[in-house]
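A.B. asks:
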Amino acid sequence: MTPTRTQVENWTPGSLLTWCDGWRSLGTSIEGLFDDYVAHVEKVDGRYWEGVAAEAAFERAHSDRATARSIVDTLGRVAGTITTGYHAIKGNLDVARDALATAQENCFTITENLELIDPRTEDDADREAFRVGLQTTLQRYATLAEQADLDLTRSLEEARTSLRIAFTSAAALGDTQATADAASLAAGTADAETLHRIVESGTLTPEQLADLRAGESTSIPASQMEYLNTVARSLDTLSPRELEQLMSSLPEEARAGLANSLQIISTDTVTVATSGDPDVPAQGGFDLLPEGIRDSLSREDRVVHGVESMGGTALRQTTLHGVPDAHAIASIVSAGDGEYRNGSDLDRQLLAAGREYLDAHVTHDQDPQGEMTIFEVDGFTPRDPYLDPVFAAVSDDRIAVEQAVTDANGSDFVRDVLTHSWSDESAIQPMFDFDEIEGAVQDPNDPVDVAEATRSGQIMSAVAAAMSTDAAWQQMSSIPGTDHQSIGEVNPELVRTISHSMTPYIPSLVNVEVPDRPGFDIEGWTDPEGSRSYRGSANVFAALSTDEEAGTHFQSHALQESVSAQIRFGENPDAPNSNQHLANAGQLLALTDKGIEMSMQDRYDDDAARDLAVYEQKANAYNAVTWLGGHVLPGTDLLFDTISAGGEPMKESVIGPKPDPAAEAYVNRPNFQRLSYFSLAAFQDFPEDLRTKYRDVFEENGNIRPYDELFSVSGNTASWSATDYLLANLLSESGNQYGLRLAYDEVKPPS
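Each residue of the sequence shown is one higher than the one before, starting from 23 at the first, in the working numbering.
#1: Quick one: Cα of Q497 to Cα of P346, how far?
#2: With 16 as the cutoff for other CB atoms within 10 Å, does Q464 come out buried or exposed?
#3: Determine the extent of the beta strand (DSSP E) in which A449 is found, giving its start and end residues.
#4: Would DSSP call I111 helix, strand or coil?
#5: DSSP has T143 in a bridge; who is on the other side?
#6: Please list the terminal residues of the continuous alpha helix (DSSP H) segment that includes E710.
#7: Would you kindly work out how many angstroms separate the C-alpha atoms of G461 and N467, rounded to a whole number?
#8: For Y747 and Y699, what's the separation of their Cα atoms in angstroms?
#9: Excluding the 5 residues flanking A565 on each side, which residues of the same chain have their C-beta closer than 6 Å to its C-beta?
#10: Rounding to the nearest angstrom, what Cα-Cα distance links F308 and T291 in this structure?
#11: Rounded to the nearest angstrom, how far is the Cβ of P303 from that of M247, given a contact under 8 Å?
#12: To the nearest angstrom, how far is the alpha carbon of V253 from that of R219?
#13: Count the other C-beta atoms from every protein chain shown that fall within 10 angstroms of the C-beta of P526, then say buried if there are 16 or more, exposed otherwise.
#14: Using a Cβ distance threshold of 8 Å, determine whether the stretch 584-594 contacts the stretch 513-522, with at least three qualifying pairs required.
#15: For H653, count neighbouring C-beta atoms within 10 Å of its own C-beta (all shown protein chains included) and say buried if the count is 16 or more, exposed if not.
#16: Assign T9 to one of three DSSP states: helix, strand, or coil.
#17: If I measure Cβ to Cβ from V326 and keep anything under 6 Å in the same chain, skipping five residues before and after, which residues do I get?
#18: Does DSSP put E393 in a helix, in a strand, or in coil?
#19: Please state whether DSSP places T106 in a helix, a strand or coil.
#20: Measure the alpha-carbon distance for S318 versus S261 and round it to whole angstroms.
#21: Can you give the beta carbon distance from L611 to P692, rounded, assuming they're within the 8 Å contact cut?
#22: Does the beta-carbon of E583 have 16 or more other beta-carbons within 10 angstroms, so that it is buried, or is it exposed?
#23: Nearest by alpha-carbon distance to Q267: which of H349, D171, N599 and S239 is it?
#24: With DSSP as the reference, label S241 as helix, strand or coil.
#25: Tell me whether the beta-carbon of A164 lies closer than 7 Å to the beta-carbon of V30.
#26: Return yes when the Cβ of S523 is within less than 7 Å of the Cβ of F456, no when it is not.
#27: When you compare only the Cα positions, how much space is there between A214 and E180?
#28: Is A414 closer than 7 Å to A449 when the C-beta atoms are compared?
#29: Touch check for the stretch 100-117 and the stretch 159-178: three-plus C-beta pairs under 8 Å?
#30: Where do the ends of the alpha helix (DSSP H) carrying T476 lie?
#31: How about the stretch 432-445 and the stretch 473-492: do they share at least three Cβ pairs that are nearer than 8 Å?
#32: Going by the DSSP bridge assignment, what does R763 pair with across the sheet?
#33: Do Q623 and P502 have their beta-carbon atoms positioned less than 7 Å apart in this structure?
#34: Could you check whether A703 and I726 sit closer than 7 Å to each other, using their CB atoms as the reference points?
#35: What does DSSP give as the partner residue(s) for T305 in the beta ladder?
#36: In whole angstroms, what separates the C-alpha of M269 from that of S283?
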C-alpha cells in the first residue's frame, strides 16, 4: 500500500539519530564505569595490592568488564542498525519529497494518495508524459521509504531480544539480583522477567555443551556460577516433592531452565572462568544441589534388611525408603533438556539410587525363598512400576550410564537390568540404544565424535561382558522366579535394542579389531580360556537369540560378516595373516549355530523338534541377509548377487541341510567345500595351469562360473558333490582349504 501525502510530508527520520546517539552514549557510559571499577580494584589508595585475594579480585573485575564490553558491543550493533535504517529511509524519502516539490512547481494537483492531476484542459503530450513519470517516481520512492521503515522496525524487534538477553544474562547479573530472583522464585511470586533470567542462567552455548559431551571441562563466567548457586541455596529448605510442586507451577520454558541449571551446577566438568573468589564455587558438584535433593540422594537407609515376626514366624523383610522423593527428583530431571545431561552428579546419584532399588527388587524376585520374605516400598507392597520413572529420567545420560556399567559392579547392574521384568521397556532402552553411525568415528579430528563413539563401544562391551559368563547365561536363559523364562521372553524390546546396538561390533566378538569403533574392550571375556572356542562370545550370541526377532537380526549380520570375511581372503590371499579371514569366517558361522542351539536347548522335548527349530531359525537369519538392502560391506556385491542367485543350494551350503525327522536327528553343519566358492569367486587372477586343471568350474574368460550354474537346481547330489570336490581342491592349491572348517570346529566341535 502506498503511503499518504501527509506521511511523506511529516515523517521525521532525524529522530532516529537522536536514539542512535543515546545508545552509543549509554554504551560509552557503561564502558567507562567498568574501566573505573577495574582501576579501583587494581589499586587501593593509589597502590597496587598483591596476594591470592588480589588475584581473585583482579580476575573477577576483568571478567565483569568483559561482560560489560559484550553489552556495549550489543548496544553498538543496535546503533549501527539504526544508522543504516536512517540512511535507507531518508534517501528514499528525499527523492519522494523532491518529486512532491517538482509537482507543486509545475502546478499539478497532489491528492492524499499521491496521485498527480493536471488542472489544465488543453492536450499536451509532453506534459502528460512528464506527469506520469513524476507520479511514478513519487509513489515508488514513497513506498521504498515506507518499506525501509518497516525493515528497520523488524530489525529493532530482533535487536530488542538480543538487548534483553545481554542485560539479563547470568553473566551480567550480580549476587543482589540473584538473591532477589531466588527469593521470588522460592515464594512463588517470580514475574516474567525473573523467570527469563532464571532460564538464561541455565543456558550454555553450543560450544560449552560440546565440551561436556566430549567429556572435557568447560568454563562459565563467575557471575553465572554465583547466580546459579544463589538460586540453588534459596531452594535448600524445600524437599524434593515441594521443589517438584514449585516447578510444576512454572511455565514450561522456566521449568526446563531451572532443571538445566541443576544439571550445570552439579556437573564437575563445569568450572568457573575466574577462580579464587570464596563466594563463588570453583566448579560444579553434588554439594551445590539444593539440600533436599542432596539428603534424598545420599541417604544410607535406602534399602534396609531385617526380620519381621508374623504369627510366631520370623520372616525376612526388605524395605525400600525414599522412593517418592526419588520419583520427584526424576520428574525434576526429566523437565530439563537432554543435551544438558552429561554425567552430572545429579544424574549419577539418581541412577545409583535406582540401581540400589533395582538390585533389591531383583534379589527378592529371584530368591528361591522369596515367598518367605516381606518386600515393601516405603511401608507398602509395591503395585505400580515404581522403578520405571527413575531410570527413564537418566537413561539417556550416556556418560552416567557408561560409568555405571563399567564400574566394579557394572556387570551385576547390567544383568539386573536384563532379568528384571520391566512394565515399560522404553524406560530403560535408551541406555543401550545406539544407531550404527553413533558408534563409529566419522571425524577423527572431532573430539565430540571420538568421545561419543568410544562411549558407545564401552557401554556395549560392558553389556556383552556381563552376558558372557556361563553363570550369566544360566540366569538369562532361565530367570529365577519367572517359570524359566528367558530375557528375550521377559524383555523382548530391550533385547532387540541391544541386538541392533551390538551388531556393528560382531567382528570384535571373534577378536577382530575394528579401528573406527573404539571403546569395545574384549580383554578376558570373548575367549576366556584362550582356546579359540570363544565361549564368552557364544553366550552373547545365545542371549541375543532368546528373542526370535533380535536373534534373526543379529545372526543375519553375523552370516553376512562371515561370508564377507571369506571374500576378503579371496581378494588378497597372499597378504600377511590372510588366513585369519577364513578363521574369522568359520568362527562366526560356528557362533551363529551355537548361539541358536543354546537358546533353544530347553524349549523342546525331543532332539528332532529342537534341531528342526534350530534349522528354521538359521534359515530365518539366512533369508534376512537377502533383505539387508544395499551392499554395505567390502565385497558384498558378490555376496548379495551370489546369495540371490544361489537359491536353495547356496542356502544349504551356509546353514546346512534341513535335518531329517528322526528321533536322533542332529543339526547339520555348513558345507565347507561349497562355501569355498565365495573366496574363489573373489580371486583376481588364477594361474593358467589351475584354469586348465579345473576347467569345469571356469568360464572361457578365466572367471569362476556363476554359482547357480555350478549348482543348478536341476542337478543332482552326485554332480554337486563332484563340484564341491573340485572347488575344495582348487582352494587348497590357491590358499587354505581347511581354515574355515578348523576354526568352526574349535568353536563348535563335531557331535
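Where a beta carbon is used, it is the ideal one built from N, C-alpha and C, also for glycine.
C.D. replies: Reading off the structure:
#1: 31 Å
#2: exposed
#3: A449 -> no beta strand (DSSP E), and no H or E assigned at all.
#4: helix
#5: Residue pairing for T143: DSSP places it in no beta bridge.
#6: E710 to K715
#7: When rounded, the distance between both Cα atoms is 16 Å.
#8: 11 Å
#9: M489 and M498
#10: C-alpha separation (whole angstroms): 12 Å.
#11: 6 Å
#12: In this model, V253 and R219 are separated by some 11 Å (Cα to Cα).
#13: buried
#14: Segment contact: the stretch 584-594 against the stretch 513-522, fewer than three CB-CB distances shorter than 8 Å; contact not assigned.
#15: Reliability of the predicted coordinates at H653 is poor, the pLDDT of 40 falling under 50, and no value is obtained from them.
#16: This structure does not reach residue 9, given that the chain is present from 23 up to 773, and the question cannot be answered.
#17: T341
#18: helix
#19: Here T106 sits in helix by DSSP.
#20: 9 Å
#21: 6 Å
#22: buried
#23: H349
#24: Under the three-state reduction of DSSP output, S241 falls in the strand class.
#25: yes
#26: Result yes, Cβ atoms of F456 and S523 sit closer than 7 Å.
#27: 19 Å
#28: yes
#29: yes
#30: P469 to M489
#31: Counting Cβ pairs under 8 Å, three or more are found: they touch.
#32: DSSP, once it has assigned bridges, lists no residue as partnering R763.
#33: no
#34: yes
#35: Reading the sequence as shown, one finds Gln at residue 305 and not Thr. Q305 is bridged to T293.
#36: 13 Å
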